[in-house]
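Undergrad: One structure is given below, represented as structure tokens, and several questions about it will come after.
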Amino acid sequence: MTEPPIGEQSANASAKRVRERLAELATIGGEGGGGVTRLAYTEAEREAHRRFADWATLEGARCHVDPAGNTVAIFRDGAPYFLIGSHLDTVMHGGRYDGAAGVVAALEAASALSETRHGVRVVAFAAEEGARFGRPTIGSSLAAGVLNDLGLGALRDADGVTPAAAAAEVGLSPTETQPWLDSDVACFFELHIEQGRQLESGAARIGLVDAIAGSVRLQFELTGRADHSGATPMRMRADALAAASELVLAVEEIARRHRSTVATVGRVQVRPNSVTTIPGHVMLWVDLRDVDPDLQRRAARQVLETAMDITEARGLHMGSRVLSEQPPIVLPAWPRAILYDDCRARNLTYRVLSSGAGHDAAVVARRAPAAMLFIPCVDGVSHSPREQASPEDIALGAEVLCSALRRTDAIIASQ
Ligand SMILES: [Zn+2]
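My numbering numbers the first residue of the sequence shown as 870 and each following residue consecutively.
This is the structure in structure tokens:
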């Protein structure tokens, strides 16, 4: 049997390591059927961070955890430095690739990099998913100094626990975070699964992200009157769920009217939630996203105004809160151009696309240049146990990251 060429050997070794590490991470918070639950600021998330630090340490890096729970592995000292990474928390019953693929790929890229003039660090950001506290990217936002104590203190999980209280349970103290994402970061690179179908349908191996959608999360509290479902005539009712239903359809309609807006009501709580009682109280959450900041703001305002009109017409009381507002981010062109050159040099099919999902890269981009690289995931499925991506694609993405970093290093140094 003939030996494969050296380049292929290392690519195979890398894909094998990626597969093994992702399988190992999937056992932390792992559930039957391939699902993973590692919510923000839980012991499972911390365990995944420790595993990441163990791997990085074995490869010669020095690791530290900041008070927000972000784990940083220093592979090469020096500033400015390259930062590569993603996150290790998941949604409830999520998959094994969202976030984890980017951290594992970053380890591959960093350990293959040598002799750079820049420092090299790999990061696993904490609490990226908004699934637990309603607000995404808590770890990177604290590190970037774009989330203050007041903003953090206003957040609660489904049991009323604040992020600070949850973090304290696992030995962290996010309110003490000193922002560290600054001009020392020469560039941040994040690899992530696409969570969409554009790469798969275009038969592209790599996606180069030009913009990341922002998001607005709104919470509505509709208060009507809980009455007997048999004894209350239709004209005398203040049905909070009927009003909420109108609002759900209005949210869909508003998003449809705007070119790039997507909006979802994904969570509703009804009280008393009984077959024979008119619903007196409804809590409802709206998630609205856009890559255009003006459209995003306009659509969110329309949702708020429409909710007021609906509740007023039905004689209900309405309370509303903006849980979070993140602006859409256009990523700088130059790091993308370097990735693009690398794809061309390797004869890889690529596609430039925008991300409808939010990412840590959008937060880092507010402090330092940032670039994102997508790899395909099967059927575009994500946030589900059915999420699937190929370790070979992740290893290939890591190689592209690595050579892009080498070129960035040479280009910046020659300036
Ligand atoms: Zn993610």
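We put the beta carbon where it would ideally sit given N, CA and C, even for glycine.
All figures in this text were calculated on a predicted structure; none of them were measured in a lab.
Which partner residues of LEU1060 appear in the DSSP bridge assignment?
TA: DSSP output for LEU1060 lists LEU1242 as bridge partner(s).
Undergrad: Looking only at its own chain, which residues have a Cβ that is under 7 Å from the Cβ of GLU998, when we skip the five neighbours before and after it?
TA: ALA909, ASP958, THR959, VAL960, PRO1005
Undergrad: For PRO1102, does the count of other Cβ atoms within 10 angstroms reach 16, so buried, or fall short, so exposed?
TA: exposed
Undergrad: Residues in its own chain within less than 6 Å of VAL1054 by CB, not counting five upstream and five downstream?
TA: LEU952, ALA1237
Undergrad: Count the other CB atoms, across all protein chains shown, that sit within 10 Å of the CB of LEU1274; report buried if there are 16 or more and exposed otherwise.
TA: buried
Undergrad: With a CB to CB cut of under 8 Å and the five nearest residues on each side skipped, what residues in its chain are close to GLY1071?
TA: For GLY1071, where only same-chain residues beyond five positions count, the Cβ hits under 8 Å are THR1218, ARG1220.
Undergrad: DSSP has ALA942 in a bridge; who is on the other side?
TA: Its beta-bridge partners are CYS932, VAL991.
Undergrad: Bridge partners of LEU1077, per DSSP?
TA: VAL1221, LEU1242
Undergrad: May I ask whether a heavy atom of ligand 1 can be found less than 7 Å away from the beta carbon of GLY1071?
TA: Not so, every heavy atom of ligand 1 lies at least 7 Å from the Cβ.
Undergrad: Just tell me which of ALA1234, ALA1080, ALA1109, GLY1099 has its CA closest to the CA of GLY1093.
TA: ALA1109
Undergrad: Are ALA937 and ALA1035 closer than 8 Å when you measure CB to CB?
TA: no
Undergrad: Out of TYR966, SER1009, VAL887, LEU927, which one is the CA nearest neighbour of ASN939?
TA: Comparing Cα positions, the closest option is SER1009.
Undergrad: Since ILE1081 contacts ILE1007 with CB under 8 Å, what's their CB separation in whole angstroms?
TA: In fact, because the Cβ distance is near 17 Å, the residues do not count as touching under 8 Å.
Undergrad: So what's SER1070 in DSSP terms, helix, strand or just coil?
TA: helix
Undergrad: Exposed or buried, what is GLY1188 when buried is set at 16 or more other beta-carbons lying within 10 Å of its beta-carbon?
TA: Classification of GLY1188: exposed, given that the 10 Å Cβ count is below 16.
Undergrad: Tell me the rounded alpha-carbon separation between LEU1265 and GLU1059.
TA: 14 Å
Undergrad: Within its chain, find whatever has a CB closer than 7 Å to the CB of LEU1270; leave out the 5 residues flanking it on each side and keep chain order.
TA: ILE953, ALA974, ALA978, PHE1058, LEU1060, LEU1242
Undergrad: Hey, which unbroken runs of the alpha helix (DSSP H) at 4 residues or more fall wholly within the region 971 to 1054?
TA: The qualifying runs are 1007 to 1013, 1018 to 1022, 1032 to 1038.
Undergrad: Enumerate, from N- to C-terminal direction, the unbroken alpha helix (DSSP H) stretches of 4 or more residues contained entirely within the region 1147 to 1192.
TA: If you keep only unbroken alpha helix (DSSP H) runs of at least 4 residues inside the region 1147 to 1192, you get 1162 to 1182.
Undergrad: Reducing DSSP to helix, strand and coil, say where GLY901 ends up.
TA: helix
Undergrad: What are the uninterrupted segments assigned as beta strand (DSSP E) that are 3 or more residues long and contained completely in the region 1087 to 1158, given in chain order?
TA: 1131 to 1140
Undergrad: Is the region 1226 to 1234 in contact with the region 1109 to 1118, if contact means three or more CB pairs nearer than 8 Å?
TA: no
Undergrad: Count the other CB atoms within 10 Å of the CB of ARG915; is the residue buried (16 or more) or exposed (fewer)?
TA: buried
Undergrad: Secondary structure at TYR910, three-state DSSP: helix, strand or coil?
TA: coil
Undergrad: Given a threshold of 16 other Cβ atoms within 10 Å of its Cβ, counted over all protein chains shown, does ALA1045 qualify as buried or as exposed?
TA: Checking the displayed sequence, the identity of residue 1045 turns out to be Glu instead of Ala. Label assigned to GLU1045: exposed.
Undergrad: Only counting the same chain, and skipping five residues up and downstream in sequence, which positions put a Cβ closer than 6 Å to that of PRO1201?
TA: PRO1238
Undergrad: In the structure shown, what three-state DSSP assignment does LEU952 receive?
TA: When secondary structure is reduced to three states using DSSP, LEU952 falls in the strand class.
Undergrad: Ligand 1 and GLY1083: does any heavy atom of the ligand fall closer than 7 Å to the residue's C-beta?
TA: no
Undergrad: Comparing the CB of HIS962 with every heavy atom of ligand 1, is any distance shorter than 7 Å?
TA: no
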